[in-house]
Amino acid sequence: MRRLSKLSALALTLALAAPAAFAQPAPAGPKDSDPVVATVNGIKIHMSQIQADAQNLPPQAQQLSPQQLLPLLINQEVDRKALLIAAQKENLESDPAVAARMKAAADVQLENAYVQKAVAAQVTDTAVQAEYNRDYAGKPGPEQVDARHILVSSEAQAEDIIKQLNKGADFAKLAEKYSIDPGAKNGGELGWFSKDEMVPAFADAAFALKKGQYTKTPVHTQFGWHVILNEGHRTAPTPTLADVQDQIRQKLSDQVVQATLDKVRSQVKVQVFGPDGKPVPQTAPDASASGASK
Numbered sequence: 001m002r003r004l005s006k007l008s009a010l011a012l013t014l015a016l017a018a019p020a021a022f023a024q025p026a027p028a029g030p031k032d033s034d035p036v037v038a039t040v041n042g043i044k045i046h047m048s049q050i051q052a053d054a055q056n057l058p059p060q061a062q063q064l065s066p067q068q069l070l071p072l073l074i075n076q077e078v079d080r081k082a083l084l085i086a087a088q089k090e091n092l093e094s095d096p097a098v099a100a101r102m103k104a105a106a107d108v109q110l111e112n113a114y115v116q117k118a119v120a121a122q123v124t125d126t127a128v129q130a131e132y133n134r135d136y137a138g139k140p141g142p143e144q145v146d147a148r149h150i151l152v153s154s155e156a157q158a159e160d161i162i163k164q165l166n167k168g169a170d171f172a173k174l175a176e177k178y179s180i181d182p183g184a185k186n187g188g189e190l191g192w193f194s195k196d197e198m199v200p201a202f203a204d205a206a207f208a209l210k211k212g213q214y215t216k217t218p219v220h221t222q223f224g225w226h227v228i229l230n231e232g233h234r235t236a237p238t239p240t241l242a243d244v245q246d247q248i249r250q251k252l253s254d255q256v257v258q259a260t261l262d263k264v265r266s267q268v269k270v271q272v273f274g275p276d277g278k279p280v281p282q283t284a285p286d287a288s289a290s291g292a293s294k
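FYI, the numbering for the sequence shown is 1 to 294, going by this note's numbering.
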C-alpha cells in the first residue's frame, strides 16, 4: 500500500491561524490591481491579503475553487479584524504577558525572513536545473513493478482467496468482489510503482514475484492482509524536469536552511546549563561533518 478529504471549518481556521514558516505572501500590486474586498470599522482588507492567506492553506484546501475559497477567506479576515479591534479596546497589548508573546511572534517573523532571503538567493531555476542535470538527466529511473492486490481484514479470508486463485479464479474479479481497498473497482490495479513508494512488507513481496505470479501466502501490513499479483517489471523512464522540480526545490531548500543554521550558530557563543544551573560542557563540532579543515 502506498504510504499514505473535505476541509472542515476548524481545519481551515487553524491553518490560517498558524502561518507557514516559509510561505511567501503575494505582493500587493498597484491600487487598481489590489482591490478592497471588505472593510471592518473602516479598516480595509485587500485582495493581496486574501491571496497571502490562500498560499498558507494546506494542499487539500488549495484544491477548492476560488468561488468556494473567497468567501471563507474574507470571513476569516473579517473575524481577525473584529478580534483585533476588540483586543485593542481592552488595551491588551499593554499586558506584559501579551506583549511578550507579541514580541516572540515578531521575532519568529524576522527569523523566517532571514531564512527566506537565503533560500530565495540560492534555490533558483538555474540551481534546480543543475541539480536535475546532475542527478536525473540521461539516467534511468528506478526499478518498478506493475501490480494488482486484494486487501482484506483477516488472514483466513486472504488464504481463502489464494485457494480460489489456485483453482483458476480471475484475480481482478476477486479484487472487485472482496477487496476493501478503494482500488477494488479497478480490479485491484495499482499501476507502476517503485519500491520506496510502498510500505516495506508489501514492496518486498511484490518485487520478489515474477510477472504473472501472485503471493502464495498472505502479506500483512498495517492496512490489513494482501494478496498481490505481479503484472510486470520495468526500469522507469528518466523523469522530466517538470516531474521532479518540486522535489528538487524542497531538497535544495532543506540544504540551504541547514547551512544557514550552521552558519549563524558558528557566529555566536552558546552556553547550555543543566537542571542544577551549572554549565554543561559543549562538544566541539565534528570538523569533517561540517566541511571545516585545520
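All residues carry an ideal CB built from backbone N, CA and C; glycine is no exception.
Query                                                                                                                                                    : Result
Spell out the partners DSSP gives L252 in its beta bridges.                                                                                              : Bridge partners of L252: none, in fact.
Sorted by chain position, which residues of the same chain lie with C-beta nearer than 7 Å to M47's C-beta, five sequence neighbours on each side aside? : D34, P35, V37
Could you give the distance in angstroms between the alpha-carbon of Q250 and the alpha-carbon of V115?                                                  : 14 Å
State yes or no: is the C-beta of I162 within less than 7 Å of the C-beta of V219?                                                                       : no
Within 10 Å of its beta-carbon, does Q24 have 16 or more other beta-carbons around it, so buried, or fewer, so exposed?                                  : At Q24 the pLDDT is 40, less than 50, meaning the model places this residue with poor confidence and gives no usable figure here.
Assign F273 to one of two classes, buried (16 or more other C-beta atoms within 10 Å of its C-beta) or exposed (fewer than that).                        : exposed
Check for me: the beta strand (DSSP E) holding L229 runs from which residue to which?                                                                    : 224-235
First and last residue of the beta strand (DSSP E) that includes T221?                                                                                   : 219-221
Check whether the Cβ atoms of V256 and A118 lie closer than 7 Å to each other.                                                                           : yes
Return the residue from the list G188, I180, A205, Y214 that minimises the CA-CA distance to K167.                                                       : Y214
Measure the Cβ-Cβ separation of A203 and K195 and say whether it is below 7 Å.                                                                           : yes
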